[in-house]
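Student: This is the structure I want to talk about, given as structure tokens.
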Amino acid sequence: MNAARTRRTERIWESERIDRIDHFVREYPVDLLLSIHHNATETHDVKGSEILVQIAYEHDGAGQELARCIETEYRALGRTIRPTKYQHSAKKPAFDRLYLLRTAYERGLLAVMSEYCFFDVDSELQLVLTDEGLTNEAEALTNDTHIANLRKN
7 MNAARTRRTE RIWESERIDR IDHFVREYPV DLLLSIHHNA TETHDVKGSE ILVQIAYEHD
67 GAGQELARCI ETEYRALGRT IRPTKYQHSA KKPAFDRLYL LRTAYERGLL AVMSEYCFFD
127 VDSELQLVLT DEGLTNEAEA LTNDTHIANL RKN
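Add 6 to the 1-based position in the sequence shown for the numbering used here, that's all there is to it.
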């Protein structure tokens with residue numbers, strides 16, 4: 007598996023996102039788009055990992071399979087798994103609410119977003135403050151066996 011880091015700045019302006027995805031799809035032989043996140047909440051008490059999947063896979067398919075694969079890897083690291091999320095746009099329910107997932111789908115890419123931990127909970131933050139912790143997360147996300155299984159389908 008080859009991975010490419012596409013974010014070059016602290017903030018990506020909305021106007022840059024579609025161009026970046028289009029460039030990436032043209033430039034690299036992309037099989038899937040995996041967006042890695044660490045989040046925070048208003049309540050400061052949320053724990054666990056969750057995967058956000060394109061709504062096209064809400065009932066079955068490769069997106070759901072990939073989410074299950076990642077969740078299995080996270081569970082093996084001792085992570086609590088929060089429910090998989092499929093977020094419909096409030097204005098256009100047939101579309102993904104999340105721009106990245108929607109734009110990737112429009113370009114024929116399987117995409118998921120991983121929320122590994124929540125920064126505003128100290129025990130969660132500790133998971134990604136060490137090289138070992140970051141390596142564990144990266145290895146869970148890049149397990150070649152899971153990717154190979156998706157390619158068979």
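Glycine included, every Cβ here is placed at the ideal spot set by N, Cα and C.
1) Give a yes or no on whether the C-beta atoms belonging to Phe125 and Ala46 are separated by under 8 Å.
2) Go through the segment 34-90 residue by residue and report every complete run of the alpha helix (DSSP H) that reaches 4 residues or more, in order.
3) What is the rounded straight-line gap between the Cα of Trp19 and the Cα of Leu40?
4) Is the segment 46-65 touching the segment 105-125, taking contact as three or more C-beta pairs under 8 Å?
5) If you draw a straight line from the alpha carbon of Asp102 to that of Ser129, how long is it in whole angstroms?
6) If you drop the 5 nearest sequence neighbours on each side, which residues of the same chain put their C-beta closer than 8 Å to that of Arg32?
7) Below 8 Å CB to CB, which residues in the same chain sit around His94 once its five sequence neighbours on both sides are set aside?
8) Taking only the alpha-carbon atoms, compute the straight-line gap between Ala144 and Leu106 and give it to the nearest angstrom.
9) According to DSSP, simplified to helix, strand and coil, what is Tyr122?
10) According to DSSP, simplified to helix, strand and coil, what is Leu104?
11) Note down, in chain order, each residue of its chain lying with its Cβ closer than 7 Å to the Cβ of Thr87, except the 5 sequence neighbours on either side.
Tutor: For this structure:
1) Numbered from 1 along the sequence shown, position 119 holds the residue referred to as residue 125. Numbered from 1 along the sequence shown, position 40 holds the residue referred to as residue 46. Yes, the pair counts as a contact, with Cβ atoms nearer than the cut-off.
2) 68-82
3) Sequence index remark: in the sequence shown, residue 19 carries index 13 (1-based). Sequence index remark: in the sequence shown, residue 40 carries index 34 (1-based). About 19 Å.
4) yes
5) To locate residue 102, count along the sequence shown from 1; it is residue 96. To locate residue 129, count along the sequence shown from 1; it is residue 123. Taking the straight line joining both Cα atoms gives about 31 Å.
6) What you label residue 32 is simply residue 26 of the sequence shown in a count that begins at 1. Around Arg32: no qualifying Cβ.
7) If you number the sequence shown from 1, residue 94 lands on position 88. Only Ile61, Ala100, Phe101, Asp102 and Arg103 meet the Cβ criterion.
8) For the purposes of this step, residue 144 is taken as residue 138 along the sequence shown, with counting starting at 1. For the purposes of this step, residue 106 is taken as residue 100 along the sequence shown, with counting starting at 1. If you take the alpha carbons of Ala144 and Leu106, they lie about 20 Å apart.
9) The residue you call residue 122 lines up with position 116 of the sequence shown. Here Tyr122 sits in strand by DSSP.
10) Locating residue 104 in the sequence shown gives position 98, where the first residue counts as 1. Of the three classes helix, strand and coil, the one that applies to Leu104 here is coil, per DSSP.
11) For this step, residue 87 is matched to residue 81 along the sequence shown. A small correction: the amino acid at residue 87 is Ile; Thr does not occupy that position in the sequence shown. Correct list, in chain order: Gly54, Ser55, Glu77, Tyr80 and Arg81.
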